[in-house]
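A.B. asks: For any residue, its number in this note's numbering is found by taking its place in the sequence shown, counting from 1, and adding 4.
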Amino acid sequence: MLKSLLGPAAFFYRMGVTLRHRLFDWGILKSERFDIPIICIGNITVGGTGKTPMAEMIIDYMSQKHNVALLSRGYGRRSKGYLEVLPSSHYRDAGDEPLQIKLKFPRTVVAVCEKRADGIRRLRSEHPEVDLIVMDDGFQHRYVEPRINVVMIDATRPVQHDRMLPVGTLRDLPSELHRAHYFVVSKCPEKMAPIDRRIMRKVLIQVAYQRVYFTRFESFIPQPLYADEVSGEPFAPQQRVIALSGIGNPGHFLSTLRERYDMVAAVTYDDHHVYRVRDMLALASLLKKHPGAVIVTTEKDAVKMTNREKIPPEVRRNLYYLPINISFIEDSATDFLQRLEEDVRGN
């Protein structure tokens with residue numbers, strides 16, 4: 005019944021997206037080129053595909069040779085227009101993901117602006133030293149024509165089997181993947197069969213120069229958010245944990261905790277959830293209900309919980325986050341990053 009109701013909505017959504025792309029293709033809507041290299045990291049689905057860890061990897065590598073800036077829309081923020089993100093910024097003003105990146109790379113210029121072309125012009129005016137821009141989530145945008153498009157693909161939700169919103173998770177047309185230069189397939193099983201990789205390449209590659217890389221998320225030992233308030237005991241392999249997340253697709257995060265620890269409860273919110281006092285009090289109640297348990301959240305959620313005064317002491321003492329990065333399982337990350345650098349130089 006629900007699918008029959010959502011089907012027409014998905015049809016009209018597809019028609020709207022198709023028309024918008026045709027307007028760009030016909031030149032009625034204009035894509036703007038800039039004389040500075042721009043790497044766009046995007047996807048065609050809703051939910052987490054790993055754009056933020058990929059942006060962090062690229063910033064970390066490119067900063068060795070370039071003055072890098074990150075430009076994001078800052079989804080979910082309450083501010084409008086152009087804003088330069090500082091380590092002291094509030095996530096409600098900067099957006100959770102831009103603030104996370106700024107805290108990891110304090111020397112990198114991070115800015116948010118819903119109109120990307122305006123944001124690039126402002127960046128260039130205020131930071132003439134910047135010679136490379138990483139643009140987060142701009143593949144669908146099209147008002148800016150980047151030099152390089154890196155498109156993230158979720159291996160657990162193959163695009164050939166997906167459907168348009170609101171029936172499926174596609175927010176853009178798979179036929180638009182011809183504009184990508186690199187595909188990074190995330191959340192792959194560690195021992196991905198060669199036949200599965202061949203099928204994925206056949207589905208994704210539409211132009212000869214496109215390359216596909218297969219990756220998985222690599223997570224580490226949970227780290228305390230308030231290190232000065234926790235005991236010195238190491239994180240035990242069978243530690244009782246309460247999972248906490250407000251991300252697009254928490255499946256991988258939850259399965260990781262379930263495999264490694266004794267997950268006694270899971271609290272999940274929508275992507276970009278704004279944590280309030282009642283949420284913190286609910287976590288405190290869960291800690292009482294599960295003696296000996298600790299709370300483990302994502303890096304993206306952790307940046308929203310740095311206001312010590314608004315978090316109960318028992319939550320602060322038991323609040324951890326799970327660090328992750330992207331691990332390449334076939335070709336090396338060095339191969340990908342070196343090719344990206346060659347493209348940035350215009351080779």
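Beta carbons: idealized from backbone N, C-alpha and C, even for Gly.
This structure is a prediction, so every number in the text was calculated from the model and none was measured.
1. For M139 and V307, what's the separation of their Cα atoms in angstroms?
2. When we look at the beta-carbon of Y325 and count the other beta-carbons within 10 Å, is it buried (16 or more) or exposed?
3. For G46, which three-state DSSP category applies?
4. Which partner residues does R340 have in the DSSP bridge list?
5. Using only alpha-carbon positions, find the residue among P193, I105, H185 and G85 that is nearest to E334.
6. Confirm, please, whether the CB-CB distance from N253 to G51 is below 8 Å.
7. C117 to K293, Cα distance in whole Å?
8. Is any non-hydrogen atom of the ligand PLP found closer than 7 Å to the C-beta of P198, if you look at the structure I gave you?
9. Whole alpha helix (DSSP H) runs in the region 37–112 with 4 or more residues, listed along the chain?
10. Report the partner residues of I299 according to the DSSP bridge assignment.
11. Check the DSSP bridge columns for M364 and list the partner residues they point to.
12. Write down the C-beta distance between M156 and G54 rounded to the nearest angstrom, noting that I regard them as a contact closer than 8 Å.
13. Within the same chain, show all residues whose beta-carbon is closer than 8 Å to that of K314, passing over the 5 residues directly before and after it, in chain order.
14. From H70 to D97, what does the alpha carbon distance come to, in whole angstroms?
15. Would I137 pass as a contact of I40 if the rule is Cβ separation under 8 Å?
16. Return helix, strand or coil for Q227, following the three-state DSSP convention.
17. Which of the three DSSP states, helix, strand or coil, is assigned to M139?
18. Does the beta-carbon distance from I63 to S223 come in below 8 Å?
19. Does DSSP put S129 in a helix, in a strand, or in coil?
20. From what residue to what residue does the beta strand (DSSP E) around T272 run?
21. Which stretch, first to last residue, makes up the beta strand (DSSP E) that contains T158?
22. Exposed or buried, which one is G31 when buried takes at least 16 other CB atoms within 10 Å?
23. Would you decide whether I203 is buried or exposed? Buried here means 16 or more other CB atoms lie within 10 Å of its CB.
24. Go to S289, then tell me how far its alpha helix (DSSP H) extends in each direction, as first and last residue.
25. Keeping to the same chain, check which residues put their C-beta closer than 7 Å to that of R120; ignore five residues upstream and five downstream.
26. Should R312 go down as buried or exposed, given a rule of 16 or more other Cβ atoms within 10 Å for buried?
27. Exposed or buried, K191, counting other C-beta atoms within 10 Å across all chains shown (16 or more means buried)?
28. In angstroms, rounded to a whole number, what distance separates the CA positions of L174 and F187?
29. How would you write the range of the alpha helix (DSSP H) that V207 sits in, first residue to last?
30. Determine, using beta-carbon pairs with one atom in the region 73–90 and one in the region 101–108, whether at least three such pairs fall under 8 Å.
31. Please tell me whether M267 and A247 are closer than 8 Å, where the distance is taken between their beta carbons.
32. Which same chain residues end up closer than 7 Å to V21 when comparing Cβ atoms and leaving out the 5 residues on each side of it in sequence?
33. For A212 and K206, what's the separation of their Cα atoms in angstroms?
34. Do Y273 and G250 have their beta-carbon atoms positioned less than 8 Å apart in this structure?
C.D. replies: According to the structure data:
1. Numbered from 1 along the sequence shown, position 135 holds the residue referred to as residue 139. Numbered from 1 along the sequence shown, position 303 holds the residue referred to as residue 307. Using only the alpha carbons, I get a separation of about 21 Å.
2. By one-based count along the sequence shown, residue 325 stands at place 321. That one is buried.
3. Working through the sequence shown from its first residue, we reach residue 46 at position 42. In this structure, G46 counts as strand in the three-state DSSP scheme.
4. Stepping through the sequence shown from its first residue, residue 340 is reached at position 336. The question names Arg, but residue 340 in the sequence shown is Phe. F340 is not bridged to any residue.
5. Along the sequence shown, read from residue 1 onward, the residue named residue 334 stands at position 330. For the residues P193, I105, H185 and G85, the minimum Cα distance to E334 belongs to P193.
6. Within the sequence shown, numbered from 1, the residue matching residue 51 stands at position 47. Within the sequence shown, numbered from 1, the residue matching residue 253 stands at position 249. Yes, the pair counts as a contact, with Cβ atoms nearer than the cut-off.
7. Position 113 of the sequence shown, counted from the start, is the residue given in the question as residue 117. Position 289 of the sequence shown, counted from the start, is the residue given in the question as residue 293. In a straight line, the C-alpha of C117 is about 43 Å away from that of K293.
8. The model depicted lacks the ligand PLP and carries no ligand whatsoever.
9. 55–66, 95–98 and 100–108
10. Working through the sequence shown from its first residue, we reach residue 299 at position 295. Paired residues: I246 and L323.
11. The chain is shown only over 5 to 351; residue 364 falls outside these bounds and no answer can be derived.
12. Counting from one through the sequence shown, the residue named residue 156 turns up at place 152. Counting from one through the sequence shown, the residue named residue 54 turns up at place 50. Yes, M156 and G54 are in contact; Cβ-Cβ is about 5 Å, under 8 Å.
13. Translated into positions along the sequence shown, residue 314 becomes position 310. V281 and M284, listed in sequence order.
14. Numbered from 1 along the sequence shown, position 66 holds the residue referred to as residue 70. Numbered from 1 along the sequence shown, position 93 holds the residue referred to as residue 97. Going from the Cα of H70 to the Cα of D97 covers about 27 Å.
15. Position 133 of the sequence shown holds residue 137. Position 36 of the sequence shown holds residue 40. A contact, by the Cβ cut-off of 8 Å.
16. In the sequence shown, residue 227 corresponds to position 223, counting from 1. In the structure shown, Q227 sits in a strand (DSSP, three-state: E or B).
17. Start at 1 with the first residue of the sequence shown, and residue 139 comes out as number 135. Of the three classes helix, strand and coil, the one that applies to M139 here is strand, per DSSP.
18. Walking along the sequence shown from the start, residue 63 turns up at place 59. Walking along the sequence shown from the start, residue 223 turns up at place 219. Against a cut-off of 8 Å, the Cβ pair of S223 and I63 comes out as no contact.
19. By 1-based counting over the sequence shown, the position of residue 129 is 125. Helix at S129.
20. Here the question's residue 272 lines up with position 268 in the sequence shown. Per DSSP, T272 belongs to the beta strand (DSSP E) from D266 to T272.
21. As a position in the sequence shown, residue 158 is number 154, starting the count at 1. It is worth fixing the name first, because residue 158 is Asp in this sequence and not Thr. That run of the beta strand (DSSP E) goes I152 to D158.
22. As a first step, residue 31 must be located in the sequence shown, where it is residue number 27. Classification for G31: exposed.
23. Here residue 203 refers to the residue found at position 199 when the sequence shown is read from its first residue. Flag for I203 reads exposed.
24. As a position in the sequence shown, residue 289 is number 285, starting the count at 1. Looking at the DSSP string, the run of the alpha helix (DSSP H) that includes S289 is V281 to K293.
25. Your numbering for residue 120 matches position 116 in the sequence shown. If we look at R120 and ignore the five residues flanking it on each side, its Cβ neighbours are L75, M139, G142, H145, Y147 and V148.
26. As a working note, residue 312 is residue 308 in the sequence shown. So R312 counts as exposed.
27. The residue you call residue 191 lines up with position 187 of the sequence shown. So K191 ends up on the buried side.
28. For the purposes of this step, residue 174 is taken as the residue at position 170 of the sequence shown. For the purposes of this step, residue 187 is taken as the residue at position 183 of the sequence shown. C-alpha separation (whole angstroms): 16 Å.
29. Within the sequence shown, numbered from 1, the residue matching residue 207 stands at position 203. Counting along the chain, the alpha helix (DSSP H) containing V207 begins and ends at P198 to L208.
30. yes
31. One-based indexing of the sequence shown puts residue 267 at position 263. One-based indexing of the sequence shown puts residue 247 at position 243. Contact flag set, yes.
32. Here residue 21 refers to the residue found at position 17 when the sequence shown is read from its first residue. So the list reads D176 and L177, once near-sequence residues are dropped.
33. Within the sequence shown, residue 212 is the residue found at index 208, counting from 1. Within the sequence shown, residue 206 is the residue found at index 202, counting from 1. Going from the Cα of A212 to the Cα of K206 covers about 11 Å.
34. One-based indexing of the sequence shown puts residue 250 at position 246. One-based indexing of the sequence shown puts residue 273 at position 269. Result yes, Cβ atoms of G250 and Y273 sit closer than 8 Å.
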